[in-house]
Each structure stands twice: as structure tokens, then as C-alpha cells.
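Taking it in order: structure first as C-alpha cells, then the write-up.
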Amino acid sequence: MAETFEHDVVVVGGGGAGLRAAIAVAERNPELSVALLSKVYPMRSHTVTAEGGAAGVIKSNDDLETHCYDTVSGADWLADQDAVEILVNDAPRQLIQLEHWGCPWSRERDGSVAVRSFGGMKNQRTWYAADKSGFHMLHTLFQTTLKYPTITRYDEHYAAKLLIEDGRCGGVAALDLRTGSMRAITANSVILATGGAGYVFAFTTNGAIKTGDGMALAYRAGVPLKDMEFVQYHPTGLPGTGILITEAARGEGGIMLNRHGRRYLQDYDLGQPLEVTDPRHPQNRMMELGPRDRLSQAFHYEREKGNTFKMEEFEDVDAVHLDIRHLGEKRIDERLPFVRELCRDYQGIDPVHEPIPVRPVVHYTMGGIDTDIDGRTALPGLYAAGECACVSVNGANRLGSNSLVEILVFGERAANTATEEAGELKRPNPDALRTQAKDEAKRIQQTLLNGANANGGVRPAHVRNKLRKVMEAGCGIFRDAGTIQTACDALAELSEQAARMTLDDHGGAYNTQLINALEITGMLEVASAMAHSAHARTESRGSHQRTDYPERDDAQFLKHTLAYRQEAAAPRIDWKDVTITRWPPGERTYGR
Amino acid sequence: MAQMINLTLKVWRQDHVNDKGRFEEYRANNIDTAMSFLEMLDVVNERLEKDGKAPIAFDHDCREGICGQCGAVINGKAHGPDKGTPLCQLHMRRFRDGQTLIIEPWRTKGFPILRDLVVDRSAFDRIVAAGGYVTVRTGQAPEAATILVPRDDAEVAFEAAACIGCGACVAACPNASAMLFVGAKMSQFSHLPQGQPERHRRAINMVRQMDAEGFGNCTNHYLCEAACPANISVEHIAQMNRDYLRAVLKSKPA
Ligand SMILES: Cc1cc2nc3c(=O)[nH]c(=O)nc-3n(C[C@H](O)[C@H](O)[C@H](O)COP(=O)(O)OP(=O)(O)OC[C@H]3O[C@@H](n4cnc5c(N)ncnc54)[C@H](O)[C@@H]3O)c2cc1C
Ligand code: FES
Numbered sequence: 018m019a020e021t022f023e024h025d026v027v028v029v030g031g032g033g034a035g036l037r038a039a040i041a042v043a044e045r046n047p048e049l050s051v052a053l054l055s056k057v058y059p060m061r062s063h064t065v066t067a068e069g070g071a072a073g074v075i076k077s078n079d080d081l082e083t084h085c086y087d088t089v090s091g092a093d094w095l096a097d098q099d100a101v102e103i104l105v106n107d108a109p110r111q112l113i114q115l116e117h118w119g120c121p122w123s124r125e126r127d128g129s130v131a132v133r134s135f136g137g138m139k140n141q142r143t144w145y146a147a148d149k150s151g152f153h154m155l156h157t158l159f160q161t162t163l164k165y166p167t168i169t170r171y172d173e174h175y176a177a178k179l180l181i182e183d184g185r186c187g188g189v190a191a192l193d194l195r196t197g198s199m200r201a202i203t204a205n206s207v208i209l210a211t212g213g214a215g216y217v218f219a220f221t222t223n224g225a226i227k228t229g230d231g232m233a234l235a236y237r238a239g240v241p242l243k244d245m246e247f248v249q250y251h252p253t254g255l256p257g258t259g260i261l262i263t264e265a266a267r268g269e270g271g272i273m274l275n276r277h278g279r280r281y282l283q284d285y286d287l288g289q290p291l292e293v294t295d296p297r298h299p300q301n302r303m304m305e306l307g308p309r310d311r312l313s314q315a316f317h318y319e320r321e322k323g324n325t326f327k328m329e330e331f332e333d334v335d336a337v338h339l340d341i342r343h344l345g346e347k348r349i350d351e352r353l354p355f356v357r358e359l360c361r362d363y364q365g366i367d368p369v370h371e372p373i374p375v376r377p378v379v380h381y382t383m384g385g386i387d388t389d390i391d392g393r394t395a396l397p398g399l400y401a402a403g404e405c406a407c408v409s410v411n412g413a414n415r416l417g418s419n420s421l422v423e424i425l426v427f428g429e430r431a432a433n434t435a436t437e438e439a440g441e442l443k444r445p446n447p448d449a450l451r452t453q454a455k456d457e458a459k460r461i462q463q464t465l466l467n468g469a470n471a472n473g474g475v476r477p478a479h480v481r482n483k484l485r486k487v488m489e490a491g492c493g494i495f496r497d498a499g500t501i502q503t504a505c506d507a508l509a510e511l512s513e514q515a516a517r518m519t520l521d522d523h524g525g526a527y528n529t530q531l532i533n534a535l536e537i538t539g540m541l542e543v544a545s546a547m548a549h550s551a552h553a554r555t556e557s558r559g560s561h562q563r564t565d566y567p568e569r570d571d572a573q574f575l576k577h578t579l580a581y582r583q584e585a586a587a588p589r590i591d592w593k594d595v596t597i598t599r600w601p602p603g604e605r606t607y608g609r
Numbered sequence: 010m011a012q013m014i015n016l017t018l019k020v021w022r023q024d025h026v027n028d029k030g031r032f033e034e035y036r037a038n039n040i041d042t043a044m045s046f047l048e049m050l051d052v053v054n055e056r057l058e059k060d061g062k063a064p065i066a067f068d069h070d071c072r073e074g075i076c077g078q079c080g081a082v083i084n085g086k087a088h089g090p091d092k093g094t095p096l097c098q099l100h101m102r103r104f105r106d107g108q109t110l111i112i113e114p115w116r117t118k119g120f121p122i123l124r125d126l127v128v129d130r131s132a133f134d135r136i137v138a139a140g141g142y143v144t145v146r147t148g149q150a151p152e153a154a155t156i157l158v159p160r161d162d163a164e165v166a167f168e169a170a171a172c173i174g175c176g177a178c179v180a181a182c183p184n185a186s187a188m189l190f191v192g193a194k195m196s197q198f199s200h201l202p203q204g205q206p207e208r209h210r211r212a213i214n215m216v217r218q219m220d221a222e223g224f225g226n227c228t229n230h231y232l233c234e235a236a237c238p239a240n241i242s243v244e245h246i247a248q249m250n251r252d253y254l255r256a257v258l259k260s261k262p263a
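Note that the protein sequences, when read in sequence, are chains V and W. Just so we're aligned: 434 in my numbering is position 417 of the first sequence, and the numbers increase by one with no gaps anywhere. Just so we're aligned: 230 in my numbering is position 221 of the second sequence, and the numbers increase by one with no gaps anywhere.
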């Protein structure tokens, strides 16, 4: 039996986007009951790890126009400009709202909100709470959800399938991880806020929960995934663990050095360095504060020139240095305490005295579930927001600190649409939905739990490790037709293996291995959409760099990629125009 | 270079809430001292799985000391021997070759044990739900300067807000008091202007819920502060007591 729980709106995801959405529904219509699902306890959602901060124009020397332009040019013109304008215009209001809910934003001496520099942003506009911005934002949102009695939490519930009846989404089938039983959680509107998919790559800042589940759920339901080939490499991850050293380290004045101690970014059209003692350092949109795609690409060229150094203790991976020593202990402790903590704990060095070894690391998925600017997907009753969605404001390259506001702005927006439309469609028959949930439970029982594949089966962990390496090798910072094709073929092969996955744990309560197996099937679909989209886009733009097509090609590719799932075949790729309102495509210049 | 140690683990295994539970002993050989404690558990689990045994369930997520999900008592110490360090950031170099580690979940009435080292900390949520937020409708975006907050106050609030809600304070306290947690949650708001209007109501409601959940009283052992991975100071308990007292006095009819 699948127990059924009826609500008006289901929010899948307890990260920043999901919590913001749940609050918005509760505020907008206290009559509606909201189910808030999360596969982990909400405070464990990945938003918690964001360090740097959230962008919103607040100071008198800044303006909305500039934030828009920075975002559009940072995105290499692939962002939809109507969406960017919404993001930028609404950002300050959202951040002030969080302040009112108790978020302890860092302050200037005069008591006003403090802002810092961030890569690709012309002016200082990134609000922060020291270097635990995501933590404090998530805490604030979480504590705020607790005050609404209309929000029912389903913690540690894994959404396994969307329930679809009469051509509309009417809820989710979710596994209660504590017991292993399947539940039908039904509603008039379902909002996906399940976060990104960085974990499909081997070397990533993303934790093991960022498996792109929501993307896979929507994709299977026929909703296209948009711009999946755009995956952001963050230039400064710790070499062994992939733990992120926040861009705020550069925003505060940290510099990048190669093996010879040279500030090598000056060799990549990112401007000329100023002395670190110069009061004008760091300069926005220059050198260390260039956009992430360009910095990660520069690393790659430095490696080819032999200017990086090898780290013996981590299988000889290459690295460069991020040096913040000149900031001094006091400032480091005040502004970047967490960076110091991470370096000590995970790298065994103290950045007050030594430069930090770093290398590029997969960080963010620009692509995601195709939505309109109000969070609607192609499937009636289904909405999406946050990193799992592609509105798109990030285009071919996200600017740091834009996503923490994206989750607020579009989390609320999707929720408003879902609330308005919750009553419009006829509610599907609950029995039909329950049956679907029951069937899903049966399928999982038969294919995974009964041990049908006991002999000759493969362990989930094996498939996952392979998959993550395949993506790293085939769809890395630089790709070409050959590497991508190799990845596509390997993924097809892995999908066959995944059909024979076998489990050691056949129990109900906290069966992590089962959840991993379910995640892996989704990861394979998401990875396949990424690889095939990358294959189809024969140009270079932002984070998608094809060595066989090194130029941006606006004539053909000023378009979003749409990947549609096909049963037992490669996805079908289609295209959709980019919305241009006020900023016609131009040259992307930094440091000039 | 890599240094390997061998350990004996005595781990609390419990299948579900109502299970009696028992210690089981495992050998953890060839453990690289560069590993974190959770990585060590991963290795042990992989070996258990290979042998067809159920892995040890433990909570974790960020492994960066911010989500507050990890936690276990190691040889009697919540989060292990290092000060200001959650379990996920504890490293195996802290232990000696041949050592025996007794690994248990938080044990307190307020946190039922769900499986092995996983406990149910929803009592904390209910305490926050009783008042740990701002309800005043401040939806109108004010002029861009927003509310000015003196930097010192912002810093105290920030420090209080650093609580990750892991529950180590309760596990460490001989009275199973949750006052460090509750104090931190209240203090965050008491130092910000937006927290003022409901300050008294918040104090009364949160303390009441804390008592209802069965947590004990603080008798100044300060073990909570010593165990806290976020270095939350017992000052916040004092602040909470002051707020509570003031609130009670105020609400008494004259
Ligand atoms: C280390 C790091 C640092 C960052 N720093 C910054 C920064 O400084 N500034 C910035 O703007 N951005 C930053 N980012 C990016 C930003 O943090 C994320 O894009 C953003 O937090 C995503 O929020 P979200 O709500 O969409 O998803 P998440 O916070 O990832 O939440 C996803 C939620 O969905 C739930 N979920 C997923 N799958 C399922 C399922 N199958 N069933 C049920 N629930 C499910 C999860 O449990 C979780 O609650 C950073 C990212 C990382 C990794
Ligand atoms: S795992 Fe997040 S605090 Fe330890």
C-alpha cells in the first residue's frame, strides 16, 4: 500500500529555493496546505555551504543597469534578458526581506549592510554574512518556515517519481527513508527545487546529494532540460578534496600565482595587475576578479605551458597558488575565517603563512529544467526554481553570488505562480495517483530490492564512480567532438550496466544503497543530456569551450539548447531563441 | 607521508527506535591518519558491505562543519577530543595506533535513537517553532539604507547564529540541558532590531517548549561550551536567562 497525503502545493527541496517557495505559498494564501519534501534534513541542503554571498544593488555608487549588464555579459549573452531584469530588480528586496527575518548580514562600521567584490561584477554588491552566507540564509529561511502551521515537512523523503494524470502533474511518489515505505504526496501544484547536478562529475565542490534528481524527474516526465552543456568550473578548489575556497578570497584581494610566482592571469586578456599594496587593488572585472570560466580556462593553458605544479600527495594533480598572505591575520580572521579553517583542516596549511594550492573544480550547473520567467514548465501543474531550473539568468556562465539571489527571487516567483494556478486545473483522481505510487514501489522492489540481479549484477558505487570519471574526461573545461562522443558511448554502456544494479542492503530503514541506486539512474539521464547537448553545440561560449570550434557563433547558436528524453535512445536536441531586451550581443571584455 | 594505524571500534548498533541496541566490535586496520573520522567510517562501512553486513548508519552531509548533521560520542566526548571541531572535521591523526574507540550516538531523552548513530533531533525544530523567528510583517521594502545595526551587535548576533544545531551541547551535558542551543537561538534575535518586538514572548515560548521536550536545566558545568563545534559561548545562556526573567516579571500582573 502506498499511504496518501493530500496537500495543495508540494515543494520538493528544502534548500534556499524550496524554503523560499514554501514561505511564499504560506504567506500568499494561508488557506493552502504545503508539503515540503527533502531527501535530507533541510538544513543539510547544499545552500548551507555557500560562502561568498548574494548580489543585490544597495549602495549609492551602484545601479541596476550595471548589475544587469554584468550578468548578461558574464553569461556570454545566453541569458534571457527579461529574466535577468527580474532577478536584478528584485534582488535587493529579497535580501532586505531576509534581513527582516533575522539574517545577520555583515555590517560596515556605520551600521549599514556591508558588500564585497565578486568575480565579473563591476561594482561591489555582494551581501555576505562573513564567509558563511549560505548557512545564515538557509537558517533564516528554515526558522521562518517553522512559524507557518500550514507547512508540513516531510524530511528524509526521497521523491522518486512525479505522479502524472490527465496530462498534468498531481504530486510525487516519495520514499520515506526512515521506513523505506512509498508514499503518494498529492497536490494541485508541484514545485521542484532540488538543486544542481555537480555530483555527476568526479571532482566537484558539490556534495553527494547534488545528483540532479529533480532534473531527472522532470526529464522523464517529458519536460526538456535546457542548456545542460554549461557546467561551471570554479577556479579555486582544494586539490585533494575539491572543497571550495570562496571567490570572496579574491574579492578581499587574494591573488593567483603560477609555479614561477607570476600573476599569470595578465597573460589571458584579463588586464594588468596592480600591486597588492595599491589601494585600488583588487579591481572589479579584472585579473583575479574576472569571470570563472575565463579563470578556469587560463589554468588549463598554464598547465599546457608547464606553469602549474604537481601535488604529489594527490596523485600528482596540477595546481596553482591562491595567495592571501598579504591580507594579514587580522583581516583573514575577520573576513575569511572559514577559509582559514578549511585550509587548516583539509590541506594542513595556514593561509596566513602559506599560499593555498588550488585547481579548477566543477561547481554549478547553469542548465536545468526549462521554465518560463514565472517558473512554469511544459507540464501543467509542474514548476521549478533554483539551481535545478534554467530560467535562464545564468546563460553560459553564472556570476558568483547571483545564484543565492536567484533561489530567492525565482523561488518566490514560482511559488506565486503555483499558488495562483493551484485551483485552476481539475484535481486528478487520488486513487489513480496512489496506484502510480504503488507501481513505483513495486518496480523498485522487483528491479532492485529482490536481489534479482544477485549474480552478474554490478554495485551502484561502481556505476557511479565510472560515470563521474567519464564526465570529467569527456565534458571537462575543454571538449571536442571526440571526447564528447567517447563520453556519450560510455554513458550508453553504463546505462545498460545500471539496469543490472545489485544491492547488498535489502532492508527498509535508511537504505542508503537503494537511494544511491535511484540517484544513479537519474544521474545517467542528466549526464546524457549534458553530453549530447555539448555535442550539438558546435561553438564555444562561456563555460562550453570546444577546441574544435573555438569561436562563439551567434548566427547559429544564440539559442538555448533543449534536450528531450527519448526511450532507449539518445536525447532529441532542439533549440529555443534567447530573449534579448536591451543588451545586444557584444564582445565580452574584461580588464579593458 | 601516509601513516597507517589499526584501531578497535566498539560501535553502538541499533536497528530501530524500539530496538534495545548493543555494542559491536570491529577491527579498523590500515587507517590512513590523513583521513577524517567520517572517511574512516566510510572505509569501515565499505568493508562491512563487502562482507554482506549492514553498514553503520550515521548522519552527515556537508563534511565541512556547517550543516550540523554529524555527531557521535567518542570515548565519552561529544564530537570527539578536539575543541571547536565537529565530527566531520576530526582527523584520524588524533588517535594512536592500537587504540580502542567507543562510538555512541547522542544519548538523551530528547533525541530518540533512530538507527545506530542516527538520532531524531526534531525537538530542536519544535523549540525554534515555538518562537525562534521574526513574525513582524516587515514586507515593505524600506529605503535602501535599511535598518542600521551597530557592528558590535551584529557581531554578537552573528556569533550566536553560528550555532549549527548539532545537539552536542545536550549530549555533553550531565543534565541533558539544551540551554546553549536555545540561548544561541534567542540571542541571535535579541541583538538585532528586528528581534526586539517579540523578545519577551519569544523567551517565554521557547523556554516553555524546551522544558516540554524534556531537556534538563543548566547547572553551570560548561561542558556544552567545551563540546560545541561552533564555539558558542555560555554567555548566551546568561542572556537567555535574563530575557526570560524579564519576560516573566513583565507578564506577571502587578
Ligand atoms: C560550495 C559552494 C559554494 C557556493 N557559494 C555560493 C555563493 O557564495 N554565492 C552564490 O550565489 N552561490 C553559491 N553557490 C551556489 C548556490 O549555493 C546554489 O546554487 C544554491 O544554493 C542552490 O540552492 P537550491 O535551493 O536550488 O538547491 P539546494 O540548496 O541544493 O537544495 C536542494 C534541495 O532539494 C532536495 N532534494 C534533492 N533531490 C531530492 C529528491 N529526490 N527528493 C526530495 N528532495 C530532494 C535536497 O534535499 C535539498 O533540500 C555555491 C555552491 C557551492 C556548492
Ligand atoms: S557533516 Fe556537516 S557539520 Fe559535520
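By construction, the Cβ of each residue, glycine as well, lies at the ideal position given by its N, Cα and C atoms. Note that the structure is predicted; figures quoted are calculated from it, not measured.
Using a CB distance below 7 angstroms, the part of the stretch 66 to 79 of chain V facing chain W consists of 66, 75, ordered along the chain. For residue 90 of chain W, the Cβ stays outside the 6 angstroms cut-off from all heavy atoms of ligand 2. Contact with chain V is absent for residue 133 of chain W, since none of that chain's Cβ atoms lies less than 7 angstroms from the residue's Cβ. Look at residue 230 of chain V: its beta carbon is less than 6 angstroms from one of the heavy atoms in ligand 1. Note on the stretch 24 to 65 of chain W: whole alpha helix (DSSP H) runs with a minimum of 4 residues are 46 to 59, in chain order. The residues 40, 42, 44, 49, in chain order, have a CB closer than 6 angstroms to that of residue 101 of chain W in the same chain once the five nearest residues on each side in sequence are set aside. In this structure, DSSP gives residue 575 of chain V a state outside helix and strand, which the three-state scheme calls coil. DSSP places residue 285 of chain V within a helical segment (H, G or I) once states are collapsed to three. When DSSP states are grouped into helix, strand and coil, residue 407 of chain V belongs to the strand group. DSSP places residue 101 of chain V within a helical segment (H, G or I) once states are collapsed to three. Residue state for residue 87 of chain W is assigned as strand, using DSSP reduced to three classes. Restricting attention to alpha helix (DSSP H) runs no shorter than 4 residues, the stretch 298 to 335 of chain V encloses them at 309 to 321, ordered along the chain.
Contact annotation: residue 432 of chain V and residue 560 of chain V have beta-carbon atoms that are not nearer than 7 angstroms.
In the structure shown, residue 187 of chain V falls within a strand segment according to DSSP collapsed to helix, strand and coil.
Proximity of residue 171 of chain V to chain W, defined by a Cβ-Cβ separation below 7 angstroms, is not satisfied.
DSSP places residue 253 of chain V in the uninterrupted beta strand (DSSP E) bounded by 248 to 254.
Relative to ligand 1, even the nearest heavy atom lies 6 angstroms or more away from the CB of residue 414 of chain V. The nearest non-hydrogen atom of ligand 2 is less than 6 angstroms from the C-beta of residue 95 of chain W.
Using a Cβ-Cβ cut-off of 7 angstroms, residue 42 of chain W is close to nothing in chain V; its nearest Cβ partner there is about 11 angstroms away.
Cα atoms of residue 85 of chain V and residue 53 of chain V: separation of roughly 32 angstroms, rounded to the nearest angstrom.
In the structure shown, the three-state DSSP call for residue 15 of chain W is strand. Where residue 203 of chain V is concerned, the enclosing beta strand (DSSP E) starts and stops at 198 to 203. Shortest Cα-Cα distance from residue 63 of chain V to any of V:205, V:595, V:215 involves V:215. Assigned with DSSP and collapsed to three states, residue 27 of chain V falls in strand.
Residue 378 of chain V and residue 228 of chain W have their C-alpha atoms spaced approximately 48 angstroms apart. For residue 197 of chain V, no CB of chain W lies under 7 angstroms from its own CB, so it is not counted at the interface with that chain. In the structure shown, the three-state DSSP call for residue 143 of chain V is strand. In this structure, the beta-carbon distance from residue 70 of chain V to residue 145 of chain V falls below 7 angstroms.
Annotated three-state conformation of residue 221 of chain V is strand, per DSSP. Relative to ligand 2, residue 384 of chain V has its C-beta separated by 6 angstroms or more from all heavy atoms. Contact annotation for residue 166 of chain W against chain V: 121 [CB-CB distance below 7 angstroms, chain order].
No Cβ of chain V is located within less than 7 angstroms of the beta carbon of residue 236 of chain W. Excluding its 5 nearest sequence neighbours in each direction, residue 489 of chain V has C-beta neighbours in its own chain below 7 angstroms: 218, 219, 220, listed in chain order. When secondary structure is reduced to three states using DSSP, residue 143 of chain W falls in the coil class, being assigned neither helix nor strand. If you check each beta-carbon in the stretch 141 to 154 of chain V against every beta-carbon of chain W, the ones closer than 9 angstroms belong to 146, 147, 149, 151, 152, 153. Within chain W, the C-beta atoms nearer than 7 angstroms to that of residue 124 of chain V come from 158, 160, 163, in chain order.
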